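**Q**
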Amino acid sequence: QVQLVESGGGLVQAGGSLRLSCAASGRTSSNSAMGWFRQAPGKEREFVATISWSGGSTVYADSVKGRLTISRDNAKNTVYLQMNSLKPEDTAVYYCGAGPTVYRLDYWGQGTQVTVSS
60 QVQLVESGGG LVQAGGSLRL SCAASGRTSS NSAMGWFRQA PGKEREFVAT
110 ISWSGGSTVY ADSVKGRLTI SRDNAKNTVY LQMNSLKPED TAVYYCGAGP
160 TVYRLDYWGQ GTQVTVSS
């Protein structure tokens, strides 16, 4: 089992920035890829970004490329999502995930709300 705890969400104006954090504990060695999904009101959960254990492999959704950056600190078992140039359409609950590869996340946190006002 892997436990994930997100933090850093909040309310920000369009064009602003936020940094989300996700701390992992438990069986992180076999679930070393981490990433972020999001779910807006009335919509399905959608992929945002993932990162491999080494950080050498990252995958982004086209909608966030150039604005959102995923990174990690393995000494802290923490993954980050730096969000710049935020838009109202980025408003969603952001969920942190962990799994065996950047294409498969099996464990999820409780989510953190991000609201971008226009």
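According to our numbering, the sequence shown is numbered sequentially starting from 60. Cβ coordinates follow ideal geometry from the N, Cα and C atoms, glycine included. What you are looking at is a predicted structure, and each value in this text was computed from that prediction instead of being measured.
In whole angstroms, give me the CA-to-CA distance for THR150 and GLY74.
**A** What you label residue 150 is simply residue 91 of the sequence shown in a count that begins at 1. What you label residue 74 is simply residue 15 of the sequence shown in a count that begins at 1. C-alpha separation (whole angstroms): 13 angstroms.
**Q** THR109 to SER176, Cα distance in whole Å?
**A** Here residue 109 refers to the residue found at position 50 when the sequence shown is read from its first residue. Here residue 176 refers to the residue found at position 117 when the sequence shown is read from its first residue. Roughly 26 angstroms separates the two Cα atoms.
**Q** Can you name, in chain order, every residue of its own chain whose Cβ lies under 7 angstroms from the Cβ of GLU148, other than the five neighbours on each side?
**A** On the sequence shown, residue 148 is found 89 positions in, with the first residue counted as 1. Cβ within range, chain order: n/a, list empty.
**Q** Since SER111 and ALA92 should fall inside the 8 angstroms C-beta cutoff, what is the C-beta to C-beta distance between them, to a whole number of angstroms?
**A** Taking the sequence shown and counting its residues from 1, one reaches residue 111 at position 52. Taking the sequence shown and counting its residues from 1, one reaches residue 92 at position 33. 6 angstroms between Cβ atoms; contact.
**Q** Taking THR160 as the reference, give the member of GLN60, VAL71, SER89, ARG78 with the closest Cα.
**A** By 1-based counting over the sequence shown, the position of residue 160 is 101. When only C-alpha atoms are compared, the closest one is SER89.
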